[in-house]
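Structure first, commentary second.
Numbering (my numbering), first residue to last: 1 to 139.
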C-alpha cells in the first residue's frame with residue numbers, strides 16, 4: 001500500500017520469491033489507477049490458489065496506464081464470463097510486451113482462442129506469452 005501513493009512511478013519491479021501472496025482483480029485495478037505514468041511493471045511472486053486475480057484485469061492497465069510498454073504479472077485465473085463483461089478501452093494501447101506467468105482455468109475447454117482474441121483487442125501491438133493450466137475443481 002505505501003507504493004500506491006507514488007503516482008509518478010515509471011518503472012517498477014517487485015520480486016517476492018519466498019512469499020505466496022493473495023491478490024485480487026480489485027488490487028490490480030488499484031495498482032493501475034495509482035500509477036498512471038507507468039511504463040514498465042514486473043511483479044514476480046507466487047499467488048495464493050483461492051485468491052488470484054482474474055486474467056480480465058490486465059485490461060485495467062490499458063485503461064489507466066497509457067504509457068505502459070511492458071507488463072509482467074504472476075499467475076492469474078481465467079473466467080470466460082468475466083472476460084465477456086470487460087469494457088474495452090476506446091483507444092488502442094501501445095503495450096509491446098505482455099507476460100503472465102501462468103493462466104489457470106477451471107473448465108476442460110480450450111479457451112486459448114478466446115484468450116488470444118481478448119488480449120489482441122486490449123493490446124493490439126503486444127508480443128507476449130502465458131502458460132495455461134487446467135485447475136480441476138472438486139465435485
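Glycine residues also receive a C-beta, built at the ideal position from the N, C-alpha and C atoms.
What is the DSSP secondary structure of residue i, counted as helix, strand or coil?
i: residue 33; result: helix
i: residue 101; result: strand
i: residue 6; result: coil
i: residue 56; result: helix
i: residue 27; result: helix
i: residue 126; result: coil
Can you tell me whether residue i is buried or exposed, with buried defined as 16 or more other CB within 10 angstroms of its CB?
i: residue 32; result: buried
i: residue 134; result: Interpretation of residue 134 is limited by its pLDDT of 48, a score under 50 that renders its predicted location unreliable; no figure is taken from the coordinates.
i: residue 110; result: exposed
i: residue 75; result: buried
i: residue 47; result: buried
i: residue 49; result: exposed
i: residue 8; result: exposed
i: residue 125; result: exposed
i: residue 5; result: exposed
What is the residue span of the beta strand (DSSP E) that residue i lies within?
i: residue 86; result: Unbroken run through residue 86: none, as it is neither H nor E.
i: residue 60; result: From DSSP, residue 60 is part of no beta strand (DSSP E) but of the alpha helix (DSSP H) over 59 to 64.
i: residue 42; result: 40 to 47
i: residue 72; result: 70 to 73
i: residue 11; result: 11 to 21
i: residue 91; result: Unbroken run through residue 91: none, as it is neither H nor E.
i: residue 145; result: Since the displayed the chain opens at 1 and closes at 139, residue 145 lies outside it and no answer follows.
Could you give the residue range of the alpha helix (DSSP H) that holds residue i?
i: residue 116; result: 112 to 122
| said: Closer than 8 Å is the cut-off here; do at least three beta carbon pairs connect the segment 6 to 14 with the segment 36 to 55? | reply: Counting Cβ pairs under 8 Å, three or more are found: they touch.
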